[in-house]
Structures are given as structure tokens and as C-alpha cells.
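**Student:**
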Amino acid sequence: FNAASNVTGIRTDVDPVSKLVHRYEGWIFWDYAAAAPYVKIDMNPSKFAYKDAVFISPHKFVGGPSTPGILIAKKKLFTNPVPSDVGGGTVNFVTRTHIEYVKDIEAREEGGTPNILGAIRAGLVFHLKESVGCHTIRAREDALVAKFFARFRNHPKLLVLGSSTVPRLAIFSFRIYVPLFEKYLHHNFICVLLNDLFGIQVRSGCSCAAP
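Printed below as a string of C-alpha cells:
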């Protein structure tokens, strides 16, 4: 499940969803790639609203480029003694007929040479987020969302995707309509204009992780 859509910015109320999944003895894995820089991440907010795993992309944080992805998961999920990707540091002992992998989960699942500088940078971007504070970040996000919709919600040539009345991040997807031709402008054309002429960071096409 997405904690927030990287297409519309619409946030999911993660605790009730987690409770519902656990009520039916399921596992809940949360994708915080879009939401992590802006919201608090609590693995254990209550007895039944806990998260079994969380995926984070620190490269989307301020100062985050070149950082590695992060998986935070409950130990109970790691039942396979064989690592997902075998590499240096994952093997404890080898014979002609048997391979024994290390028992430490983090060492077993991080084969090969780690991105040490990237990991240090990841720690720093989380420190920066904590220094600013989620309340300050949330207030800024809410102000940007309100400003955007006050200007564009009823614009006759701009179609903003997604609801404007639900909690969301300042992430927007939109289409621009040209009445003269009764068509929408091509998304790549809009992207080039906004990026190159106005310095507004946008991207066109399909997002990497789907809605």
C-alpha cells in the first residue's frame, strides 16, 4: 500500500488500514517513497496498527541524492536462511556439499560492498527532517496545497487529477486543455516548458511506482 500517492499526493490513513489487514491476519507493507520526507513514520503506533514493513527512498529527501533505499521490517518476516541476493559477507561456512549463511539478518541481506557514504548521507537527511520537525513540514505542505487549489481548482483550462478535499501532499498531476483545438497539450511539451522556461520541477509520463 502507498502511504501517499506519488501521482496525486493523496495520503492514506495508514493506521485504520493496518488494523483492518491485521484483523484478517494479513501482513501490511507500506510504501513511504513519496510520503517519508513529509510525514512521521511510526512502526508501532498501537497494538494492531503496527506496520510489518516499510519501504523508504531517502533520495527524495532534501539532500538525499545518492542515498540507498531502506527496508524496515519485522524480524518475523525473515524466515528464509538463504539471502535474497548472495554476495560478499553473506556466507559463514562452505563445504563441497553445504553452504551455511550468516544468521545476522542485516549482514545476510546486504551482500557485497555497502554504499557507506550513501548510508551516512541517509542518516543525515533523516537528522535534517527531525531537526525541522514534522509539524513544520506539514504546515508548509498544507499551505502549498491550499495555495495551489485556490489558484487552479476552478481554472477552465487546467484539469487537476485527484480530490482537492482530502489530506494530501504538495504533489500534483494535471492536464492543460486548449479550447481552440478541443484537445489537451502533450505532457512532454508541458514538462519542457515548465522545467526549461520557468524552473518548475515536473515530470511527464508514468510514475515509476504507479499510483
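Going by our numbering, the sequence shown opens with residue 4, and the numbers climb by one from there. Glycine is no exception: its CB is placed at the ideal position from the N, C-alpha and C atoms. Since this is a predicted model, take the numbers as computed values, not measurements.
Just the C-alpha distance for Ala36 and Tyr104, rounded to the nearest angstrom, thanks.
**Tutor:** So the alpha carbons of these two residues sit roughly 30 Å apart.
**Student:** Between the alpha carbons of Val57 and Phe32, how many angstroms are there, rounded?
**Tutor:** Those two C-alpha atoms are separated by around 6 Å.
**Student:** Does the count of Cβ pairs from the region 41-52 and the region 194-213 closer than 8 Å reach three?
**Tutor:** With a cut-off of 8 Å, the region 194-213 and the region 41-52 do not count as touching, because too few Cβ pairs lie within range.
**Student:** In the DSSP output, which residue or residues are listed as bridge partners for Lys186?
**Tutor:** Its beta-bridge partners are Val181.
**Student:** Let me know if Lys54 comes out buried or exposed under the rule of 16 or more other beta-carbons within 10 Å of its beta-carbon.
**Tutor:** Answer is buried; the Cβ neighbour count reaches 16.
**Student:** Tyr41 to Gly66, Cα distance in whole Å?
**Tutor:** Their Cα atoms are separated by approximately 14 Å.
**Student:** Helix or strand or just coil, what does DSSP make of Val10?
**Tutor:** Residue state, collapsed to three classes: coil.
**Student:** Does the separation of the CB atoms of Gly165 and Arg171 fall below 9 Å?
**Tutor:** Their beta carbons are under 9 Å apart, which means Gly165 touches Arg171 by this criterion.
**Student:** Can at least three beta-carbon pairs, one atom from the region 84-95 and one from the region 132-145, be found at a separation below 8 Å?
**Tutor:** At 8 Å Cβ cutoff, the stretches do not touch.
**Student:** If the criterion is Cβ atoms closer than 9 Å, does the pair Asn95 and Lys106 meet it?
**Tutor:** In this structure, Lys106 lies closer than 9 Å to Asn95 by Cβ.
**Student:** To which residues of the same chain is Gly91 closer than 8 Å at the C-beta, ignoring the five residues directly before and after it?
**Tutor:** Only Gly114, Gly115, Thr116 meet the Cβ criterion.
**Student:** Contact check, Val10 vs Ser210 under 8 Å by CB: the rounded distance?
**Tutor:** Indeed they touch by this definition, with Cβ atoms about 5 Å apart.
**Student:** Can you give me the start and stop residues for the alpha helix (DSSP H) that Val24 sits inside?
**Tutor:** Run containing Val24: 17-26, per the alpha helix (DSSP H) assignment.
**Student:** Judging by CA-CA distance, which residue of Leu188, Leu23, Phe129 is the nearest neighbour of Ile73?
**Tutor:** Checking every option, the nearest Cα to that of Ile73 belongs to Phe129.
**Student:** Among Phe177, Gly126, Asp88, Ser134, which one has its Cα closest to the Cα of Pro68?
**Tutor:** Of Phe177, Gly126, Asp88, Ser134, the residue nearest in Cα terms is Gly126.
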